[in-house]
Each structure stands twice: as structure tokens, then as C-alpha cells.
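Have a look at the structure below, then the notes.
Residue numbers (the working numbering): 2 to 291.
Rendered as C-alpha cells:
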């Protein structure tokens, strides 16, 4: 089955984005109807994070979210096979001069990249500008694992680390001048997590961002990828480095991270990765969300 999927993505990547995007959106609407378990997760997340929305508004945003998910699946073949020149046209990036100035000054950099649906497009575009370090979670399906790894390492000299050897090696790589493309906003359970607000909800959040920043003496630069309508492509924004981070108060630093991510999500709520059970781990004695 995975080989058939790879073959389909190879065929689709030849299409212009103006045709590929609506095909992906159609797939997403189909998934919204048939994948009921994930539809329920998305709606649960939206109801809790946006209590001011009506049920109709939640469902409309959920449908838009699935349309973008379908696009992200069908457009993945571009990351695996499209030539560099085409990807540079499709994925525009701004703010690289900020990161380069930090690197030129000898300051390690963390690119804090929340889980938006265009995340992998953003990651690939970043690798065209910088040789980075990132953490790679191996996939159970060896065919998919091979192509995901290929897509994330095909440009430049990228350093992908397995999760179990990531801390010291990542810090060394940052100190050697590699920006760290870091995804810190998923529920990884209680281990190494603390509860801080996210959309007003006490949310299990890993403390990795302030820890890595402290260990490497790194500046934190927000990195956000937006999917643009239709065939307009993607937009990656590398923002201003955070001032006074980390502060030395881990709880305050992790809460600040969540607040920054929340602000990004509110700008384009349909683009956040709501199919993830972000609130699965609850404080002791609190009722489950899912």
C-alpha cells in the first residue's frame, strides 16, 4: 500500500500547483467525512480552544482544516522530487537575514516551528537557506520512512538526529553554527512535561525549548509556515529573535512559548495541526478530553 501511495505522489508532483491544490482539498473533504475519529479530535480541540465560536463555526473551520490536510498530503511529492528551482518559486521565505546575522555573530539559533499543516514545506525551504540540525522520528513503515528522510535531507548538508541521541548532539551542532529546526508543541506525555496554559487550558508541554536555549546560549527565532490559497504556494516567516529568553524560570519560559504559538494559531486557526490530541495528558484527577 505504501508503495502505491509513493507512486501516486510521484505522478501528482508533475501537476501544476493550481491543479494539485484543489485535488488535495477534495481529498481533505473526503477525509473529513470518512475519518470520523480524527474529525472528532479536531472538533473537540476547536470547541475547547474557541469556546466563543458556534458549533457551525467550529465545523466550518474543521472542514477547512481537512482541506488543507489533503493538500499537504498530495503536495508532499513536491518535497521529494520537485527541482530546487520549482520549490523556491512555490515556497517563499522571509527573515533569513535575521538568522544569518545571528550566525555571523557566533550566536546559536533555534528555529521554533509550531505544528502547522505546511510545516514540512517550511522545513524544506529552510534547508535551502541553511545547513540545519533537526530531530527525526523514524516511521514504522520503512518505505515512508525512506522517503520522508530523503525529503528532509535532499538539499545541503542536513544533520538529522534520532530522538534518543538528540540533546548533546543537538547542542554541539548549534554551537558549530547549525540552526536547530525545533517542533516543541506536541503532547509527549508526562515525562519531561509541565502543565502551562494553552488557549486557557492547562496543557502538558515539554520544557525542551528553554533547556536547549540555555545549554547552547541560543537565540529563539519563531518560524511559521502558511499555506496560501490555491496555487499561490507557501510562505515561511522567520521572525524577530525573542528578547530575554530564557529567563531562568522554566515554567514562565514554557508558558511564554505556548502564548507565542497561540498568537500564531489565532492568525490562521484552520492551519494548526488540530488532528493531534494536544490535550490528551491531563492533570491528575481531571476528566479526559477525548
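Every residue gets a Cβ at the ideal spot worked out from N, C-alpha and C, and that includes glycine. Model, not experiment: these values are computed from the prediction.
In chain order, 71, 74 and 75 place their CB closer than 7 Å to the CB of residue 28, counting only its own chain and leaving out the 5 sequence neighbours on each side.
Between the alpha carbons of residue 144 and residue 138 lies a gap of roughly 14 Å. Residue pairing from DSSP leaves residue 79 without any beta-bridge partner. Listed in chain order, the beta strand (DSSP E) runs fully inside the stretch 184–228 are 194–199, 202–207 and 220–228, counting runs of at least 3 residues. Residue 2 sits exposed, since fewer than 16 C-beta atoms from the chains shown fall within 10 Å of its C-beta. Where residue 147 is concerned, the enclosing alpha helix (DSSP H) starts and stops at 143–154. Three or more beta-carbon pairs separated by less than 8 Å are not found between the stretch 203–220 and the stretch 55–71, which leaves the two stretches without contact.
Under the criterion of beta carbons closer than 8 Å, residue 88 and residue 125 qualify as touching, at roughly 7 Å.
Taken in chain order, the complete alpha helix (DSSP H) segments of 4 or more residues contained in the stretch 38–106 are 56–75, 77–82, 85–91 and 97–105. If you look at residue 30, you'll find it in the alpha helix (DSSP H) that goes 18–35. The DSSP-derived three-state label of residue 110 is strand. The C-beta distance from residue 161 to residue 170 rounds to 11 Å, too long to fall under 8 Å, and the pair is not in contact. Taken atom to atom, the span from the alpha-carbon of residue 149 to that of residue 81 is near 8 Å. In the DSSP annotation of this structure, the continuous segment of the alpha helix (DSSP H) that includes residue 128 starts and ends at 120–130.
A Cβ-Cβ distance of about 4 Å is found for the pair residue 232 and residue 18, placing them in contact under the 8 Å criterion.
Counting along the chain, the unbroken alpha helix (DSSP H) around residue 266 starts and ends at 251–268.
Proximity of the stretch 181–188 to the stretch 33–50 falls short of the contact definition, fewer than three beta-carbon pairs being nearer than 8 Å. Following the DSSP letters along the chain, one finds residue 168 inside the alpha helix (DSSP H) bounded by residues 168–176. Between residue 247 and residue 278, the beta carbon gap of about 28 Å keeps them out of contact (Cβ cut-off 8 Å). The residue among 257, 58, 240 and 177 with its C-alpha nearest the C-alpha of residue 107 is 177.
Short of 7 Å from the beta carbon of residue 68, and not among the five residues preceding or following it, lie these beta carbons of its own chain, in chain order: 26, 29 and 30.
Comparing C-alpha distances from residue 156 to each of 21, 201, 111 and 122 shows the shortest one belongs to 122. Per DSSP, reduced to three states, the secondary structure at residue 135 is strand.
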